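Before any comments, here is the structure.
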Amino acid sequence: MFGYIICNKEKLEQEEKRYQSAYCGLCKDLEKRFGQLARISLNYDMVFLILFLASLYEPEEEDYEFSCVMHPIHKKKAMVNIYTGYAADMTVALSYYKCLDDWQDEHKYLERWYLDRLETSYRKVEKCYPRQCKAISEGIKKLNEIEHSPFVQPDEAVNCFGRLMSEIFIYKEDFWSNSLRNFGYHLGRFIYLMDAAVDYKKDRKNNNYNLLVQMGKKPEEMEEILEMLIGEAARQFEKLPLVQDVHLLRNILYGGVW
């Protein structure tokens, strides 16, 4: 369920450099904190988390240049702040439970292998962020129960993933917690349904659980509902006093997610 909260690069100019430097910063932080293998989990969704929280709280930032093995010709630029480390930790936690879920559902041996490699790293994250990890753990467990039960309403899975995501957007409890929970909840609901739409054909072919299949709907019939879900997330977003990177964040929410 990763890879949907990305930017629309065709609509970006100078902001693309900022976006890429946040991505590189997250990549480098994953390597620094958890080793090379953790970088396999790297995704743009957590880059959004970094930029979003930094826009709200305005922490100190550090920019530095480095040589990248994947792009050796020119030096790359990384931007890091306190939320880069947090996003790296949440990347590991989410990847750990994604691998666990894939292993339990489909017995993918590659997922089992990576799950074992993430075990030690995840336990470190769990000690630092018990609330978030508990929300992820309980959310994934509840999703499994919902997806294997014929007696649940279709929106239960959507709401369950929304609650899971709502806790990730709260670095620490403070004045903004309720607003951040509301935003993360609605964004999570959108992600779950979008994932079901994108994986529709693959899930039908492999006989995996898919909400749309359960509802007797096709992906093209879900556009209006998806617009409603991301629209509610956008409404919560616009209530927050965001200034830094707001154009970039809007690019993601209003364009990139599609």
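The sequence shown runs contiguously to residue 277 in this note's numbering. Every residue, glycine too, gets a C-beta built ideally from N, C-alpha and C. No experiment lies behind these values; they were computed from the predicted model shown.
- [ ] Evaluate contact between the stretch 243-253 and the stretch 204-219, counting only Cβ atoms and requiring at least three cross-stretch pairs below 8 Å.
- [x] Contact holds: three or more Cβ-Cβ distances are below 8 Å.
TODO: Please confirm if the stretch 92-100 is in contact with the stretch 113-131, defined as three or more CB-CB distances below 8 Å between the two stretches.
DONE: By the criterion of at least three beta-carbon pairs nearer than 8 Å, the stretch 92-100 is not in contact with the stretch 113-131.
- [ ] Spell out the partners DSSP gives residue 299 in its beta bridges.
- [x] With the chain covering 20 to 277 only, the question about residue 299 has no answer from this structure.
Task: DSSP-derived helix/strand/coil call for residue 53 - done: The residue labelled residue 53 in the question sits at position 34 within the sequence shown. Here residue 53 sits in helix by DSSP.
- [ ] For residue 68, collect the residues of the same chain with a Cβ closer than 6 Å to its Cβ; drop the 5 residues on either side in sequence, then sort them by chain order.
- [x] Here residue 68 refers to the residue found at position 49 of the sequence shown. Same-chain partners within the cutoff: 106.
Open item on the list: Per DSSP, what are the beta-bridge partners of residue 82 in this structure?
Closed with: Against the sequence shown, residue 82 aligns to sequence position 63. Beta-bridge pairing links residue 82 to 98.
Open item on the list: Between residue 191 and chain C, is the shortest Cβ-Cβ distance under 8 Å, so that the two count as touching?
Closed with: The structure shown contains no chain C; it holds only a single protein chain.
TODO: Would you be able to state if there are at least three C-beta pairs under 8 Å between the stretch 170-178 and the stretch 145-160?
DONE: Between the stretch 145-160 and the stretch 170-178 there are fewer than three C-beta pairs closer than 8 Å, too few to call the two in contact.
Open item on the list: Can you find the residues in the same chain that come closer than 8 Å, C-beta to C-beta, to residue 161, ignoring five residues on each side of it along the sequence?
Closed with: Taking the sequence shown and counting its residues from 1, one reaches residue 161 at position 142. Closer than 8 Å at Cβ, skipping near neighbours: 179.
Open item on the list: Using a Cβ-Cβ cutoff of less than 8 Å, which residues in the same chain neighbour residue 187 once the five nearest sequence positions on both sides are dropped?
Closed with: The sequence position of residue 187 within the sequence shown is 168, counting from 1. For residue 187, where only same-chain residues beyond five positions count, the Cβ hits under 8 Å are 68, 109, 113, 151, 154, 155 and 203.
Open item on the list: Here's the rule: buried if 16 or more other CB atoms are within 10 angstroms of the residue's CB, otherwise exposed. What is residue 225?
Closed with: Residue 225 sits at position 206 when you count from the first residue of the sequence shown. Under this definition residue 225 is an exposed residue.
Task: Reduced DSSP secondary structure (H/G/I, E/B, other) of residue 263 - done: As a first step, residue 263 is located in the sequence shown; it is residue number 244 there, counting from the start. DSSP, reduced to helix, strand and coil, places residue 263 outside both helices and strands of the structure shown, so it counts as coil.
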